[in-house]
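So the sequence shown is residues 1465 to 2035, counted in this note's numbering.
Where a beta carbon is used, it is the ideal one built from N, C-alpha and C, also for glycine.
One structure below.
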Amino acid sequence: MNFLVQPKKYTSLMADEGSRAIMNKTIAFFENMGKTRLLDDYNKKVWYREFVDFIGRERIFSKLLTPKAYAEGDPDARWDTARNNEYSELLAFYGLGYWYCFQVTILGLGPIWMSPNEKAKEKAARLLREGAIFAFGLSERAHGADIYATETALTPKGEGRWEANGEKYYIGNGNEAEMVSTLGKVKDGSDDFVFFVTNYRHKAYELKKNVISHQEYVSNFALHDYPITEEDILSRGPHAWDSALNTVNVGKFNIGPASIGMAEHCFYEAITHAANRILYGLRVTDMPHVRRNFMDAWLRLVAMKCYHRRATDYFRQAGPTDRRYLLYNPTSKMKVTLQSEEVINLLWDVIAAKGFEKDTYFHMAAADVRGPSKLEGTVHVNVQLIRKFMKNYFFNPAEYPAVAPDFSMKDDMFLFNQGPTRGLGEIRFHDYRPVFDAFCDLPNVGLFIRQMDIFLEMLEKAGPEKAQDLDPVFSLPLGEMFSIVVYGQLILEQAQLSKLEHDILNQVFDFMVRDFARFALQIYSLPNTRDAQRDFCRAIMLIRPDGNENQYKQIWKKYVIPLNGEYAMNE
Ligand SMILES: Cc1cc2nc3c(=O)[nH]c(=O)nc-3n(C[C@H](O)[C@H](O)[C@H](O)COP(=O)(O)OP(=O)(O)OC[C@H]3O[C@@H](n4cnc5c(N)ncnc54)[C@H](O)[C@@H]3O)c2cc1C
């Protein structure tokens, strides 16, 4: 069994023919293009015209991103988070740039599908059918994560007309997006936030440049007295503000799968290279430390996939009374993306110079992999978000009906009606403990539980005092420590559902125990950690995984080394 995406033996998670056709056509598009051309375009930073044309011709974004109600009866159209995640993984498997075009189209559509403006929605659906791409114009150069400081302004001109002025920076697809959902403030004395639509073809829209050096287009554009009418207004006041944050919630969840897709392709290249390279008369993969890197990389990949798969069920089941996705989403965003960086680091240490060669997918991913953890909220921003849930997660569990794996063909419409973004600290979670207990016989899960118990005792008996809580230098590693528990919980839930082999799970928790200890060391080493806290951290740090050589060798033999030669992209 291969846990990684293998395009040449592709099995979609989707049961319906329409979805499978989307995946298969996309694979065929890239495999026909071939690796030489794909990498040449990447290295020459060529805008992916053919890809955009292909997507339009096959109506792929239209099918993936139009809710049924606006799809004029297309049986394949729906907004299905599981399907969009699968597609993200596949696109990034071939190149993060292609995924980015999809991603910013998703973001651009967020404020539109969230809007009460029916005409704008119908227009978006039509444009999607015609093959358009979209953009999300939130960021401004000077303000980064501080959206409050947005300077782009709508000035009233009377009779339902306004003029937009301002400059946006880092806006993907801004070179060709038919609808750019642009955030500004209304300069009528209210300073209300407002989302309005602009179009790159308009003469008042100045496309200044691509801010980055890449085949994807991350634009800087300026609006000069750009005329806006009621028809262009998507939302205003608190609705516009909530649309911004809720759209980021939707987009954020697509980033983990992209990171996974990149790491998977790198894995195939790396192991095929190393297993066929002889040094000192020895296969590189016969060196114990090299094996360890591959094992760690593979186990981390399996864990990333388990976590994200399970989180998707919660995403699809979300509703006004179940907002647990708001924790599982930033956890995916910061953990899965950072894990992908770690996987690529582990592989790169093995393939060394090969990873720089311009005819490898690897060299492209090695450069691009740093992006996902920084987009749509940096790791810091996401960890700060996660911390808000810690108290209720540990100390105030609630009962919820069981959440089954969800591959239904429904639209995930709650995502466009998430409501106000406040009240995060009040969200409650089902008890995390039973699923850990269900696997406590696995030695490394048992050890992880011991670490978790000590961590909890630390929170109860020597929790952060106010000054530590307010100091991100302290609170961020504490948040990371919390996030590893959430990560472990959903990995176990997925393992239970998919009946993951216990040997694999035990080996996954080998690195989880090591990671827990690493975070404990971070807190231990801070200048403002109290002695009592250090004692708990020391106790966590001193727990080491239960090495099982036999189990390790079995997994290597059964799952990891067989990936040598398993996949190579068509030349
Ligand atoms: C390739 C690329 C594509 C992008 N595409 C788009 C797009 O299509 N549309 C769009 O609108 N934007 C886009 N962005 C912008 C992206 O969303 C921003 O990069 C992101 O919001 C962070 O802003 P910043 O990078 O300027 O960092 P800053 O906000 O300047 O952050 C500086 C530092 O402060 C920390 N920090 C900031 N706020 C907090 C906080 N609340 N808590 C803790 N720490 C904090 C950060 O972690 C960071 O270390 C893109 C960016 C890139 C690089």
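C-beta contact flag for residue 1524 and residue 1568 at 9 Å: Numbered from 1 along the sequence shown, position 60 holds the residue referred to as residue 1524. Numbered from 1 along the sequence shown, position 104 holds the residue referred to as residue 1568. Against a cut-off of 9 Å, the Cβ pair of residue 1568 and residue 1524 comes out as no contact.
Counting pairs of Cβ atoms below 8 Å between the region 1846-1857 and the region 1770-1782, do you hit three or more? no
In or out: residue 1904 buried (at least 16 other Cβ within 10 Å) or exposed? Position 440 of the sequence shown, counted from the first residue, corresponds to residue 1904. So residue 1904 ends up on the exposed side.
Just verifying my parser: in three-state terms, what is the DSSP assignment at residue 1643? Residue mapping note: residue 1643 aligns to position 179 of the sequence shown, counting from 1. Of the three classes helix, strand and coil, the one that applies to residue 1643 here is strand, per DSSP.
What distance in whole Å lies between the Cβ atoms of residue 2032 and residue 1736, which are believed to be in contact at a cut-off of 8 Å? Against the sequence shown, residue 1736 aligns to sequence position 272. Against the sequence shown, residue 2032 aligns to sequence position 568. Going by Cβ atoms, the distance from residue 1736 to residue 2032 rounds to 7 Å, so yes, they are a contact pair.
Report whether the distance from the Cβ of residue 1637 to the nearest heavy atom of ligand 1 is below 8 Å. One-based indexing of the sequence shown puts residue 1637 at position 173. Yes, since a heavy atom of ligand 1 falls inside the 8 Å radius drawn around the Cβ of residue 1637.
Please name the residue in 1746, 1487 and 1659 whose C-alpha comes closest to that of residue 1706. Translated into positions along the sequence shown, residue 1706 becomes position 242. Among 1746, 1487 and 1659, the Cα nearest to that of residue 1706 belongs to 1659.
Between the Cα of residue 1633 and those of 1670, 1663 and 1682, spot the shortest distance and give me the residue it belongs to. Taking the sequence shown and counting its residues from 1, the one referred to as residue 1633 is at position 169. Of 1670, 1663 and 1682, the residue nearest in Cα terms is 1682.
Taking C-beta to C-beta, are residue 1649 and residue 1614 nearer than 9 Å? By one-based count along the sequence shown, residue 1649 stands at place 185. By one-based count along the sequence shown, residue 1614 stands at place 150. Closer than 9 Å, so yes.
Residue 1840 beta carbon near ligand 1 (any heavy atom closer than 8 Å): For the purposes of this step, residue 1840 is taken as the residue at position 376 of the sequence shown. Correct: residue 1840 has its Cβ closer than 8 Å to ligand 1.
Per-residue burial, residue 1759 [other beta carbons within 10 Å of its own, 16 or more giving buried]: The residue given as residue 1759 occupies position 295 in the sequence shown. By the neighbour-count rule (16 or more Cβ atoms within 10 Å), residue 1759 is buried.
Contact belief for residue 1559 with residue 1506 at Cβ below 8 Å, rounded distance in angstroms: Taking the first residue of the sequence shown as 1, we reach residue 1559 at position 95. Taking the first residue of the sequence shown as 1, we reach residue 1506 at position 42. That pair is a contact at about 6 Å.
What residues in its chain sit with their C-beta under 7 Å from that of residue 1795, if we drop five residues either side in the sequence? Walking along the sequence shown from the start, residue 1795 turns up at place 331. In chain order, 1850, 1947, 1950 and 1951 place their CB closer than 7 Å to the CB of residue 1795, counting only its own chain and leaving out the 5 sequence neighbours on each side.
Grouping DSSP H, G and I as helix and E and B as strand, with all else coil, what is residue 1522? By one-based count along the sequence shown, residue 1522 stands at place 58. In the structure shown, residue 1522 sits in coil (DSSP, three-state: anything other than H, G, I, E or B).
What residue range does the alpha helix (DSSP H) around residue 1496 cover? Mapped onto the sequence shown, residue 1496 falls at position 32. That run of the alpha helix (DSSP H) goes 1481-1497.
Buried/exposed call for residue 1824, threshold 16 Cβ in 10 Å: In the sequence shown, counting from the first residue as 1, residue 1824 sits at position 360. It is buried - the Cβ of residue 1824 has at least 16 other Cβ atoms within 10 Å.
Whose CA, out of 1581, 1859, 1921 and 1935, lies closest to the CA of residue 1418? The structure shown does not extend to residue 1418, since the chain is modelled only from 1465 through 2035, so no value can be given for it.
If you draw a straight line from the alpha carbon of residue 1477 to that of residue 1510, how long is it in whole angstroms? Within the sequence shown, residue 1477 is the residue found at index 13, counting from 1. Within the sequence shown, residue 1510 is the residue found at index 46, counting from 1. Those two C-alpha atoms are separated by around 32 Å.
Per the DSSP calculation, residue 1447 is bridged to which residue(s)? There is no way to answer for residue 1447, as the model of the chain reaches only from 1465 to 2035.
Only counting runs of 3 or more residues, tell me where the beta strand (DSSP E) segments fall wholly within the region 1964-2028, in order along the chain. none
Between residue 1688 and residue 1627, what straight-line distance do the alpha-carbon atoms span, to the nearest angstrom? The residue labelled residue 1688 in the question sits at position 224 within the sequence shown. The residue labelled residue 1627 in the question sits at position 163 within the sequence shown. Approximately 8 Å between the Cα atoms of the pair.
Alpha carbon to alpha carbon, what distance is there between residue 1700 and residue 1720? Here residue 1720 refers to the residue found at position 256 of the sequence shown. Here residue 1700 refers to the residue found at position 236 of the sequence shown. Answer to the nearest angstrom: the Cα atoms are 31 Å apart.
What residue from 1891, 1695 and 1845 has the CA that sits closest to residue 1608's CA? As a first step, residue 1608 must be located in the sequence shown, where it is residue number 144. Residue 1845 is the option with its Cα nearest to residue 1608.
With 9 Å as the threshold, decide whether the Cβ of residue 1538 is near any Cβ in chain B. No chain B appears in the structure shown, which is made up of a single protein chain.
Just how far apart, CA to CA, sit residue 1791 and residue 1513? Mapped onto the sequence shown, residue 1791 falls at position 327. Mapped onto the sequence shown, residue 1513 falls at position 49. Rounded to the nearest whole angstrom, the CA to CA distance from residue 1791 to residue 1513 is 37 Å.
Is the number of C-beta pairs between the region 1518-1533 and the region 1583-1597 that are closer than 8 Å three or more? yes
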